[in-house]
Amino acid sequence: MKIDVRGAVLAAKKYFEDIQDMICNSINDILLEEVELSENKRFWYVTLGFSRPVAKTERTLIPDVISLATKYEHEYKIFTVDAETGEVKSMKIREV
Numbered sequence: 000m001k002i003d004v005r006g007a008v009l010a011a012k013k014y015f016e017d018i019q020d021m022i023c024n025s026i027n028d029i030l031l032e033e034v035e036l037s038e039n040k041r042f043w044y045v046t047l048g049f050s051r052p053v054a055k056t057e058r059t060l061i062p063d064v065i066s067l068a069t070k071y072e073h074e075y076k077i078f079t080v081d082a083e084t085g086e087v088k089s090m091k092i093r094e095v
């Protein structure tokens with residue numbers, strides 16, 4: 000096997016950072032959540048967790064005044080990384 004666990008995690012994180020502009024999301028605090036090697040040792044499955052800002056509208060105590068507060072949601076993505084080449088083959092949402 001040519002790509003070790005560290006290489007797989009770095010490939011997944013770089014891929015995710017590189018596509019942030021395309022998915023139009025501001026992503027904060029990318030953290031490694033889980034790594035698993037497939038049974039046939041051909042793929043690494045890397046789960047990254049991150050925080051994403053979400054605007055939330057709230058009513059205030061003053062009538063007709065609404066505030067926009069930024070809240071953060073935590074989400075997860077699973078990356079399939081080729082264990083030979085380090086190429087990210089897929090990215091999908093991980094439901095928790």
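Numbering that gives the first Met the number 0 numbers the first residue of the sequence shown as 0 and each following residue consecutively.
Positions of the beta carbon are idealized from the N, C-alpha and C atoms, including for glycine.
Report task. Note down, in chain order, each residue of its chain lying with its Cβ closer than 6 Å to the Cβ of Lys-91, except the 5 sequence neighbours on either side. Result -> For the purposes of this step, residue 91 is taken as the residue at position 92 of the sequence shown. Only Ile-77 meet the Cβ criterion.
Report task. Within 10 angstroms of the Cβ of Ile-18, are there 16 or more other Cβ atoms? Answer buried if so, exposed if not. Result -> By one-based count along the sequence shown, residue 18 stands at place 19. With fewer than 16 other Cβ atoms within 10 Å, it is exposed.
Query - Whole-Å CB distance - Leu-31 paired with Leu-47, under 8 Å assumed - result: Working through the sequence shown from its first residue, we reach residue 31 at position 32. Working through the sequence shown from its first residue, we reach residue 47 at position 48. 6 Å between Cβ atoms; contact.
Query - Backbone secondary structure at Gly-96 - three-state DSSP - result: Coverage of the chain is limited to positions 0 through 95, which leaves residue 96 absent and any answer about it impossible.
**Report entry** Contact belief for Val-80 with Phe-42 at Cβ below 8 Å, rounded distance in angstroms
**Finding:** Taking the sequence shown and counting its residues from 1, the one referred to as residue 80 is at position 81. Taking the sequence shown and counting its residues from 1, the one referred to as residue 42 is at position 43. Going by Cβ atoms, the distance from Val-80 to Phe-42 rounds to 6 Å, so yes, they are a contact pair.
Query raised in the report: Could you give the distance in angstroms between the alpha-carbon of Glu-74 and the alpha-carbon of Ser-89?
Result: As a position in the sequence shown, residue 74 is number 75, starting the count at 1. As a position in the sequence shown, residue 89 is number 90, starting the count at 1. If you take the alpha carbons of Glu-74 and Ser-89, they lie about 17 Å apart.
Report task. Can you grab the Cα-Cα spacing for the pair Tyr-71 / Glu-35, in whole Å? Result -> Indexing the sequence shown from 1 puts residue 71 at position 72. Indexing the sequence shown from 1 puts residue 35 at position 36. Going by the C-alpha atoms only, they are around 27 Å apart.
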